[in-house]
Ligand SMILES: Nc1ncnc2c1ncn2[C@@H]1O[C@H](COP(=O)(O)OP(=O)(O)OP(=O)(O)O)[C@@H](O)[C@H]1O
Ligand SMILES: Nc1ncnc2c1ncn2[C@@H]1O[C@H](COP(=O)(O)OP(=O)(O)O)[C@@H](O)[C@H]1O
Ligand SMILES: [Mg+2]
Ligand SMILES: [Mg+2]
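Protein chains in written order, with the numbering used here: chain A, 338 to 624; chain B, 4 to 281.
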């Protein structure tokens, strides 16, 4: 039990006429080393939910436990939590505040006492992990970068803290396809090699099909579905009710099934799909 | 028609960039014909947004000219006209939303153009309806989540009734429903308004009239979607990827060379080819 929410409610502008209840009675557990995708319609509470995971928001009711300790609004505990659990915001410009790319990516490790050459090594590593050229960019002002470059800097500045859990809010939005593959591959590797917990909010089911093992579907501030990725993504009709289309590969599989191809459920990758199609072609498949 | 004639651009403050990689835009020759749906793709930092900002004179070329319906953005007396003709929607809606309610925000553009109040009401209704945000008209924009804000930003530009709509990754923050709403909005507006759509989602390019690929400040390829996306090796060299449909077909094609005469771009095409094959 790494991150645990118990009966969490959250309201923006509580006790005012503008109150918005963004989370309603959410209970969930995320274990160390899990790779979780969080999906759902715009405004359903994904960003609000994940900000509870590293104490950026505090429940208006209910409790959040990290490694079994209930979060209090006290400084000392919070520092530890934010060191352990890194969060990349949906809009990178909300988290960038240093005047150089180096300063931005160095900020976290510096705060954790890293300095000198090992700081430089860390910053280089983080920038290269997101496909940015250190020499070309380290002196640049992050606000004078392209949208995709800025997002990469935001991701690098969290990677550089080497947190135990990485939470990324729409990390691939605005990335070019090559950068997306590179960064998702890097996250996967961090998980395999260091057991880093991954929590990704995404609108791209295709991306989540590549990296997530568990999917949580949010619906108007509550958890609609929660289960293994193959199981969730094979429920096309149920997903539709939550405003979600299954990954492209699952959609193709469904179309083929309707045409009489006997393709199995829970297809995630183009490789898996083509293997199944190949088998059906060899055995004669369309009715 | 928007024409780029030998356009080069650099951010003058940034000497290091010029030394190292040359210009952000390098000698761009490009025509965006009136009424077309044109999609621009390319790596992060390749110069797409910089190019987009040249379309309405937000940035001015350091070399060459940008001509909108015969008027050069270099001539300041045309800028007002050009900005009215060419509406831009950016990557991040937060930097575009200014007013305290959704409807005021949508009204901001037409008000600045001196459109009469009655007409403004009508335009607000239409624009919010198109983007599916009519129920939110009295809401404060900062209370909306990311995707909702983006739709309001698009409504704000539509309310100015531009002739050219430049969308710089306007879909990148939307949920799948929001995205398909915007894509069907594009096909609805298509023909009556020129659409220049910048995106990293390859699926959003398969229906375009014309696809343009940029790399390192230059146009490296342009053509019809089917022509561009059949060049698999180059697609990956440009930092892009094939739609998953085409990728699946490509894997199958290695095993069954006669299966697809050309790589399918849409699921229906793939399924039809398979059905006639077996
Ligand atoms: N205000 C600025 N000052 C200096 N350099 C800039 C500025 N804006 C962008 N650049 C640089 O110009 C180049 C092109 O940036 P641009 O924003 O046009 O890229 P893009 O193709 O839109 O990328 P993305 O896919 O990430 O949105 C990049 O190298 C970027 O770092
Ligand atoms: N900073 C904020 N202030 C007030 N309301 C907000 C804020 N952020 C989000 N909300 C509201 O909370 C709800 C959930 O939003 P959010 O968590 O951003 O959803 P998602 O990330 O799933 O799009 C929405 O109704 C949204 O309008
Ligand atoms: Mg969000
Ligand atoms: Mg851009």
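The beta-carbon is built from N, C-alpha and C at its ideal position, and this holds for glycine as well.
Under DSSP, residue 8 of chain B shares a beta bridge with B/68. When secondary structure is reduced to three states using DSSP, residue 193 of chain B falls in the strand class. Within chain B, no C-beta atom comes nearer than 9 Å to that of residue 475 of chain A; the closest sits roughly 10 Å away. Any heavy atom of ligand 4 counts here; residues with a Cβ closer than 7 Å to one of them, in chain order, are A/483, A/484, A/485, B/51, B/52, B/94, B/171, B/172, B/201. Within the same chain, 422, 534 come within 6 Å of residue 502 of chain A by CB-CB distance, once the 5 residues on both sides are set aside.
Per DSSP, reduced to three states, the secondary structure at residue 200 of chain B is strand.
Going by beta carbons, residue 248 of chain B and residue 589 of chain A fall inside the 8 Å limit. Residue 244 of chain B has a beta carbon lying within less than 8 Å of a beta carbon in chain A.
The beta carbon of residue 42 of chain B sits closer than 6 Å to the beta carbons of 200, 208, 211, 214 from its chain, once the five residues preceding and following it are set aside; these are given in chain order. Going by C-alpha positions, residue 154 of chain B is about 11 Å away from residue 144 of chain B.
The beta-carbon separation of residue 487 of chain A and residue 521 of chain A, rounded to 18 Å, does not stay under the 8 Å limit for a contact. Annotation for residue 383 of chain A indicates a beta carbon within 7 Å of some heavy atom of ligand 3. Taking a Cβ-Cβ threshold of 7 Å, none of the residues of chain B is close to residue 353 of chain A; the smallest such distance is about 12 Å. Between the alpha carbons of residue 509 of chain A and residue 385 of chain A lies a distance of about 19 Å.
Think of a sphere of 9 Å around the beta carbon of residue 103 of chain B: no beta carbon from chain A falls inside it, the nearest being about 12 Å out. Using a Cβ-Cβ distance cut-off of 8 Å, the stretch 165-183 of chain B and the stretch 378-395 of chain A are in contact, since at least three pairs of beta carbons, one from each stretch, lie closer than that value. For residue 542 of chain A, the secondary structure class from DSSP, reduced to helix, strand or coil, is helix. Residues of the same chain with a CB within less than 6 Å of the CB of residue 402 of chain A, apart from the 5 flanking positions on each side, are 341 in chain order. Under the DSSP assignment, residue 29 of chain B falls in the beta strand (DSSP E) whose first and last residues are 28-35.
Sixteen is the threshold: since fewer than 16 other Cβ atoms of the shown chains lie within 10 Å of the Cβ of residue 119 of chain B, the residue is exposed.
Listed in chain order, the beta strand (DSSP E) runs fully inside the stretch 503-555 of chain A are 534-538, counting runs of at least 3 residues.
Minimum Cα-Cα distance from residue 112 of chain B among the listed residues B/165, B/71, B/260, B/51 corresponds to B/165. Relative to ligand 2, residue 562 of chain A has its C-beta separated by 7 Å or more from all heavy atoms. Close to residue 446 of chain A, with beta-carbon spacing below 7 Å, lies no residue of chain B; the smallest spacing is near 24 Å. Restricted to the stretch 165-253 of chain B, the alpha helix (DSSP H) segments that are unbroken, complete and at least 4 residues in length are 179-192, 228-232, 235-240, listed in chain order.
At least one heavy atom of ligand 2 lies closer than 7 Å to the C-beta of residue 350 of chain A. Around residue 477 of chain A, the same chain offers 437, 438 as residues with beta carbons nearer than 8 Å, after the five sequence neighbours per side are excluded. Residue 453 of chain A and residue 82 of chain B have their C-alpha atoms roughly 50 Å apart. Fully enclosed alpha helix (DSSP H) runs of no fewer than 4 residues occupy 105-115 of the stretch 93-129 of chain B, in order along the chain. Nearest in C-alpha terms to residue 8 of chain B, of all of B/31, B/272, B/109, B/26, is B/31. In the three-state reduction of the DSSP assignment, residue 357 of chain A falls in the strand class, which pools E and B. Per the C-alpha coordinates, the member of B/206, B/88, B/278 positioned closest to residue 60 of chain B is B/88. The beta-bridge partner set that DSSP reports for residue 609 of chain A is empty. The Cβ atoms of residue 593 of chain A and residue 274 of chain B sit closer than 8 Å to each other. Using a cutoff of 7 Å, the CB of residue 49 of chain B counts as near ligand 1, since one of the ligand's heavy atoms is closer than that. When the beta-carbon positions are compared, residue 551 of chain A and residue 565 of chain A come within less than 8 Å of each other.
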